[in-house]
Amino acid sequence: MRAVVIRELGGPEKLVIEEVPDPVPAAGEVVVELRCTALNFHDILLRRSGLGLRLPLFPGIDGAGVVRGTGKEVIIQPSLSWGDDPDVPGPEWSILGDRVPGTYAELIALPERNLRPKPEGWSWAAAAALPTAGLTVWRALFTRGRLKPGETVVMLGAGGGIATFVVPLAAGAGARVLVTSSSPEKIARAVKLGATAGVSYLAPDWTDQVRALTPGNRGADLVLDTVGRDTESSLRCLRPGGRLVVFGAPPDGRADFDLRSFYFSQQSIIATTLGHGAEFDELLHTVGPGDWRPVIDSQFAFGDVARAHERMEAGWHFGKIVLNFD
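Start counting the sequence shown at 3; every next residue gets the next number (my numbering).
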């Protein structure tokens, strides 16, 4: 089969397509013939840094395809071996494509418990685009963020795959959604998805502008931060007692903010990442039967994986970038 292999760390040119042996399923596993996979920023971090893992690497988290031998159409739940505690992953937890070969390949072997039926009426691209961003956002909004109808949530950044899940899921739950971006076009597109409004984070007073869009100018109930570069500003967007959910970090992994103001404001900083199978089922129960679909920015042939990475890395996309195996 064909698969993307990372033998050297670096730019998109390090993504090399090779002929490798077909996977052999272990006990409890099946082989899926992939139809589409989708890109995540995690893939870029893996390609650049290796994330402390041993080369060669076989990237890819998201995917949808057909179970070999049965023809069953499936979508992949990408969180492996979460464990028994729904609050926190156990020591065996991993993300597909890190310690085990991922979905940048024509075939993949994985536990049957990580498969779900492809939502009826969905395209292969839409199905492949859902798992990682959808599961991450579901846990961030509802499990960890405890979002309630009528609350205001701020999504920092309007264009990436994460934001295009936050807006419809939060708005569909009865929340008011505000977004930030350097691009007026991306803010306008987020409003079409269901956001109430947006502000440019290039403005020196952007946090004041965000607060001015909240009831009583008190600040948002919930802020989602996928970058972690400016925790101080994220907290300024919050009301007293508000929650900041963080699932990203700057290159040095450090955050700097006014601790005294933080504790006098009785705010919370909550960490999250991906999610577990029961949360994925909740997500599918919500979005599967409806008319909503993930926003697809663009689709590339599998052989154009480097160009797909270039687009994501440049930040030109709005929504998910998908690779097709046809």
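Even for Gly, the Cβ is constructed at its ideal location relative to N, Cα and C.
Query                                                                                                                                                          : Result
Roughly how many whole angstroms lie between the Cα atoms of Ile19 and His44?                                                                                  : 19 Å
By DSSP, does Asp227 sit in helix, in strand, or in coil?                                                                                                      : strand
Locate the beta strand (DSSP E) running through Gly244, then write down its first and last residues.                                                           : 240-248
At what residues does the alpha helix (DSSP H) containing Lys120 begin and finish?                                                                             : Where Lys120 is concerned, there is no enclosing alpha helix (DSSP H), given that its DSSP letter is neither H nor E.
Distance, Cα to Cα, Ile63 vs Thr39?                                                                                                                            : 8 Å
Near Arg191, which residues of its chain fall below 7 Å by C-beta distance, leaving aside the five closest residues on each side in sequence?                  : Phe320
Specify the secondary structure class of Thr72 as computed by DSSP and reduced to three states.                                                                : coil
Roughly how far, in whole angstroms, is the beta-carbon of Phe259 from the beta-carbon of Glu234, given that I think they are within contact range, below 8 Å? : 4 Å
Can you tell me whether Lys150 is buried or exposed, with buried defined as 16 or more other CB within 10 angstroms of its CB?                                 : exposed
Apart from the five residues just before and just after Leu137, which ones in its own chain have a Cβ nearer than 8 Å to its Cβ?                               : Gln79, Pro80, Ser81, Leu276, Gly277, Glu281, Phe282, Leu285
Secondary structure at Leu195, three-state DSSP: helix, strand or coil?                                                                                        : helix
If we call anything under 7 Å between Cβ atoms a contact, is Gly230 one with Pro253?                                                                           : no
Distance check for Pro27 and Ala111, CA to CA, integer angstroms please.                                                                                       : 5 Å
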